[in-house]
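Chains as they are written, first to last, in my numbering: chain A, 1 to 990; chain B, 991 to 1130; chain C, 1131 to 1494.
Ideal Cβ positions, reconstructed from N, Cα and C, are used throughout, including at glycine.
Please read these numbers as outputs of a predicted model, since none were measured by experiment.
Before any comments, here is the structure.
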Amino acid sequence: MEKTKSQFLVLGAGVGGICSAIDLAETGYSVTLVEKGPRTGGIMPQLDHQFPDDHCGMCRMLPMVDREPGAQTCLKRGLSHPNIRILTHTTLTDLSGNPGDYTAVLTSVSRGVDALRCTRCMACIDVCPVSVLDAFNDRAGDRNAIYQPFFGNPEALPTIDWDNCTRCGECAQACPNSAIDLERVELTESVAPVSGVIVAGGNPLYDPAVTDLYGYGVLPNVVTATAFERILSGSGPFRGQPVRPSDGHPIRRVAWIQCVGSRNVMIGAGHCSSTCCMFAVKEALLAKKTLGSDTDTTIFYMDMRTYGRDSQRYRDRAEEESGVRFIRCRIHSVDPADDPGDLKLTYLDDLGQPGEATFDMVVLSTGAGVQKELPPLLADKTDQGAVVTIGPEAGLQDIRETVLRAHGAVSSLLEKLNMDSRAKTIPKTGRAGDKSVNRFMQQPVIQVLVLDNGVVKAPQVEWPAIEGRLERSPGNIFVNRLSIIDGKDLSLELETVLKETRGNRLLVVSNHIAGYRATLTKRFEEAGFSAPLVEWVDLNRNDVSMGTETIQPDAAMKPIQVALMRLLHKRPSRGMAQVVENSALVIGAGPAGLSAAVSLAEQGVVVHLVEKEISIGGNGPRIQDEHQRRPIDQLIVRAKGHPNISIHTGATLGALSGRPGHFEGWVVKENMEIPLSFGAAIIATGGTPAITEAYGMGKHPPLVSHFDFEKKVLDPRFAEDTLNTVVMIQCAGSREEPRNYCSRTCCVKALDNALRVRQLFPHARIVIFYRDIMTYGKSEELYAKARTRRIRFIPFNKSKPPVVRTEGDTVVVDGFDPVMGEAVHLKADWVSLAVGMVPKPIHDLCRLLEVPVTPDGFVHEADAKWRPVDTINPGVFVCGLAKGPLRADEAVAEGTAAALRALRLLNRTELAPQRHSAVVRHAICSRCYLCVDSCPYGARFVEPVLGQVEVDPVACQGCGTCASVCPNSATVMGENEDFTVMNVIEAALM
Amino acid sequence: MATREPKIIALVCNWCTYTAADLAGTSRLIYPANVRMVRFMCTGMIDVKYIIKAFLEGADGVFVGGCHPGDCHYINGNVKAERRISGLQVLLEQFGIDPKRFTLKWIGASEGPEFQRNMQEFTRTIAELGPQIESDMMIL
Amino acid sequence: MIVEFENTLNTPDAVRAFLKRLLDDALADAVLTAFASPHSPLPMPTLMIDSQLLDRAVPLAPAAPLNTARMAARVLSKDIGKRIAVVLRPCEIRALIEMEKLSQCTLDPAILISMDCFGRMENDRYLELAATQDDPESAFYATPDLQEAVCPSCRACLRFIPENVDVTLCLAGQSDKKGVTLVSGSLKGEKVLKKLGGTSTDLPLGRQADIDRIMARRQTHREEMTTGAAARMADMAVFQQTIANCLNCYNCRVACPVCYCKECVFVTDVFAHRPEILMGRAMKKGAVKIPTDTTMFHLTRMAHIAHACVGCGQCSSVCPSSIPVADLFITVSEKVQEHYGYIPGQDPQRPWPFLVVETDKQVE
Ligand code: SF4
Ligand code: SF4
Ligand code: FES
């Protein structure tokens, strides 16, 4: 592995931090990921499911291309990547120097537990007398002052919570291995040179205890949404058998109160926290799943903000199929009900009528809390461009948004630092001439290293008996026993064995070496035993040693046999390195495409920008608001003048072949075919205002789309006319089938228009009919402002929309105002309809690029949350309106995010072959193509001449679906070939 | 035949169920020691041969554990596995292999207790059913 | 469309005349059917262009020494612009349809012809018949006793009326009549029959009664067979007894029309164990039989194709150790097919069941 030249600091190891760390690491830089708390993962390990699909999928953040250098495990249990160093319990205490060349000082607090001595027996946790409310369970459970903060990671250390530890010494006494040191030590290290810093501090959640809202902190059955999720979780305080905290009663009736700590100017929180609505819907569904489908779940809300592409359907399903109740109201109070533990909710519903209901539990949908100020240390440097923050200015974000911002932050950081995009720092494996590779080429000879950790008190092992059995096993096996005593004796003896061994595979058998693993791995690597040549058996593992004093040779041999079998079958990987071209194709030159193109070009990538129209800019130039249009105008100028960008207007993609890293195709322009080759493609085909016939649109001239209305309002002549009444109707033709999604942008536009009209005509009547006002995040303030400007908001239900009719020449809108309890008839000068956005037709293009399309005609991203700008094809990315409705500034941000994802691929000169990937043995393949149909990644295709099945080695993720559908093992999986697996099974059943 | 400890093999996916197993381990939720675990990247790669092999090698029960539908790291390997495995269950039943000896369960990464519960129940079921195949039959 | 054809000739001759017309009138470029060579009466699938040679074709001979579906799939492995009429038994048609799903052939250029099938005899039995009869075909259709002498799977076959064919040769209800009644089952078949120019009629009068009679008998046989077979695999021990004489010759899988692998996994390196593995196994168990994996083979073959078994019985016929492989297969496949709701050869559009991802579970 080559030494990385530039390194970055990422502060905070939540979703955003992990995401940007992986992005940087995969782009070729080394990263120090600094986390103040005891573990990585942020809020994720606390949540089992996330909207809008009720699944986790965090692991999908791991690299798809060149997957193997990092650990391939669930990200909730931790992260491991050769380019990322993770420091928990650590803070940045100083940063000096200049962008591109900072010196950082990091201060770490000791955990109080010696990693080498601790056998993870957890005796310490059992004896700790301190019990504190567990932050991991958001106070819905307890833990001790010494605890295991990582989730399901058997190698993770217990850690002392210094704030709560009383130094009573019980744990130190209980530890059989004297691994505990009760003195809190701070260690300082300085890291230099640091090129840049990403601050991913996350957003604190609002703490309802501060304002004592709705009885939180007083009534034990009023909990936060996070706490409720923990209550439901299998890893939570009730271990998957949830009961009511106060009395252990079953939970039958649950209420959610929305906007707790948000949209409330009285407590200084005017913003909308954007995520809580969907979070609540998800949690209600989860509750039904865990507690039974007959559980009464009710969400009390002001507006249900299901903005975005999939959210509306998700909510509809929850309501219509699962029976989650939604009540639009204002909550008055939560009080104890007659039955002890029960809670009484009183509210005013949308008709202004008081209501009351009783629940077992009340869940507070707490939004974003008070944002921590950036420490001056960092705040000073944000102007320099090399200290970038993720998100805080935008408030709380859902996963998708956080991931997008992380991509964007990395992209802008790299762009600003003007890094050489081909920093050749990607770890390379599998080079010929490499000792490890040579070893692979030989018949397996196995060197067993028995590592006896004599110092610690772990179950005793009868080594001679085990060694005897090993030596008698068939195959070439050599055994050496070494003892580890606090790591000291490891060095010399090990060196000799590794140097002199005839073995070419290593089997490490030990009774507790968790703490040594990293060091050993490095030593082995240096001696030419790369990770795939080594198998580890730690007999101190749960399944072998559970509850025993001594480990019987029989029990010990089971895992050893399995590991032996795996080693005997290890073979060199069969693929070849794939060349990567440092160029990209960007399809569509609207705001998203332009931004992607410029961002890539700035980082040295050659960009072919293909646009169907004759001019570039997409919807950009049509943006009426100058302030919003300016950045796009700038992008147009930059793209036109950039030496790395060649622009093809009036052109479309004609044909395509190849694989991620190297595509070939041509664009068709005025009957000319221009051949192109490129390493990655970005789809940014954009969208257009939807055409709708709703409300008689197109029949009466005063009925216009909100886009056209905006144009009119901005026209100076508009002010010259008289104007009495403007009616706006939101969600025209959208948020119901067949176009059942929210276009995100219309509510804000309506508010903008309304405020502009108000300015021009202080006495005009302005009425907005709406279903839910989707002013997520900061735009909530616009909504608040509009309400103070005598703009009348009338909510309606999708089953009872307002009616537009004509009376002679005038257009009249009939509706019902539930707040005033009266019918309204409005003679309108203008009726502005929020028509929403639809994507441009992209089916043909997507077929060429082998990328699926959603039923609404958007590009289907690889994963809505975790890979928002990726597609299932690792060489194709997507951004902007092509993928879902968004604002122009959001499209620009997505463009940079997509550019970064492409850069992760393009900055490599080549891609190493992967061990876990599929290979076809053509000679015995029957060409039934079942594998081609079953590959979830479209990684297989049929070569047209002989009909052979070919695997795209970059797209293949090694899932093995193809191998299991192939009846005669004509498709085989790198390390998991049938004979290997069957022999392993046989060994396991010994 | 002398009664012996039931032999149980658990074929689990790397992403979810394996994590759940480790979570059970770190939460010190004890599950029976006769469960032998073999890890696969995904249940979608579990070939019918593996299961047949396990039974013929003397497994008294075969447990397959993967991610919940939708959570599969590889999109839908688990549902495809379910389809294949359900047919195999029917098939093996014709040979006197009780379908109870062979189950497929979805266990998510955070469901350590669920993993433990499943292992305990499965082991109990298998113990009740008794051994599946005599050792001299494994020669053939 | 239903046409009565050549009602002056006896039935086998009428069928031959029909096939000849296909070639003579250029309705097909070739005919693939059973042909008895000058050296043996045992019919072999043969691709015929010269209509004169069709005189020796025996499309109705109650024998099928090897599986014509696989042979047909070879001829039809790609469309070369020639129309080929293939005459197959209903079970072979089913297999061919499965083969098309597996991309092993294309049926676009094929004219599929099949007959009401009275079954096939084992080879030695047919040779006996041919030695004593000048016209074994006619003799077979005329003699109900002989029809009982077909192989066990045929006696237990309930799907003896062709499905998904272009032209059906109606034989049931035909015994005391001359000629043959042709029924089209598709547009393609109808075109052929129109061009033949026969008179349009009804189905032979006694056909349904004949079918019912045969069906009733076969149902009894089938029950007997499946009960017997179930008992022979009631548990692993009994099953191992049943297959105790298996030589791992893999003839059954070679003969099987739906075992489509170019090379069976059991003859690939997956099961070619290295000596250290064999030694290890022997050490563990005290002994290990070589060839290994006999039980494994049979179970795996079932797991791979039980859902597609067409019940032709070829596997039993070719077994040198007289293991009733087909009985076992047919019995198991009944259950598996029911489980998947998958009936091989029934619906050409229905995908191979392993590929179906239940849509409510398909999550993007
Ligand atoms: S199905 Fe096969 S080719 Fe496709 S990703 Fe999985 S392992 Fe690779
Ligand atoms: S298994 Fe036997 S009966 Fe079934 S299709 Fe194959 S050869 Fe015919
Ligand atoms: S990854 Fe767990 S089942 Fe596919």
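Taking only beta-carbon positions, decide if residue i is within less than 7 Å of chain C.
i, result
"V1038 (chain B)", "yes"
"I1075 (chain B)", "no"
"M1128 (chain B)", "yes"
"G1067 (chain B)", "no"
"V1080 (chain B)", "yes"
Can you grab the Cα-Cα spacing for the pair residue i / residue j, in whole Å?
i, j, result
"P427 (chain A)", "Q914 (chain A)", "With a pLDDT of 47 at P427 (chain A), under the threshold of 50, the predicted position of this residue should be treated as unreliable, and no value is reported."
"P1387 (chain C)", "G1102 (chain B)", "47 Å"
"V667 (chain A)", "R517 (chain A)", "52 Å"
"E415 (chain A)", "V387 (chain A)", "12 Å"
"P99 (chain A)", "V191 (chain A)", "14 Å"
"T1033 (chain B)", "A1000 (chain B)", "11 Å"
"R120 (chain A)", "W162 (chain A)", "19 Å"
"G1051 (chain B)", "E535 (chain A)", "27 Å"
Beta-carbon of residue i versus every beta-carbon of chain B: anything under 7 Å?
i, result
"L1153 (chain C)", "no"
"C931 (chain A)", "no"
"H55 (chain A)", "yes"
"C74 (chain A)", "yes"
"L24 (chain A)", "no"
"V1455 (chain C)", "no"
"P154 (chain A)", "yes"
"A1364 (chain C)", "yes"
Using three-state DSSP, classify residue i as helix, strand or coil.
i, result
"A862 (chain A)", "coil"
"A556 (chain A)", "helix"
"C1300 (chain C)", "strand"
"H406 (chain A)", "Position check: residue 406 (chain A) holds Ala in this sequence, whereas His was assumed. The answer is helix: DSSP assigns A406 (chain A) an H, G or I state."
"M1251 (chain C)", "strand"
"P427 (chain A)", "Only weak support is given to the placement of P427 (chain A): the predicted model assigns it a pLDDT of 47, under 50, and the question is left unresolved by the model."
"I1075 (chain B)", "helix"
"G468 (chain A)", "helix"
"R253 (chain A)", "strand"
"P1474 (chain C)", "coil"
With a 10 Å radius around its C-beta and 16 neighbouring C-beta atoms as the bar for buried, classify residue i as buried or exposed.
i, result
"R431 (chain A)", "At R431 (chain A), the pLDDT of 47 sits below 50, so the modelled position is not reliable; the number obtained from the coordinates is stated separately. Exposed."
"M820 (chain A)", "exposed"
"M672 (chain A)", "exposed"
"K979 (chain B)", "The requested residue 979 (chain B) is not part of the displayed model; chain B covers only 991 to 1130."
"G641 (chain A)", "exposed"
"C276 (chain A)", "buried"
"N1375 (chain C)", "exposed"
Under 7 Å, Cβ to Cβ, is there at least one residue of chain A near residue i?
i, result
"Y1380 (chain C)", "no"
"G1211 (chain C)", "no"
"I1042 (chain B)", "no"
"T1061 (chain B)", "According to the sequence displayed, residue 1061 (chain B) carries Asp and not Thr. So, interface residue."
"H1434 (chain C)", "yes"
"M1035 (chain B)", "yes"
**Q.** Residues surrounding ligand 3 [beta-carbon distance to nearest heavy atom under 6 Å]
**A.** B:C1003, B:W1005, B:C1006, B:C1032, B:T1033, B:G1034, B:G1056, B:C1057, B:C1062, B:H1063, B:Y1064, B:G1067, B:N1068
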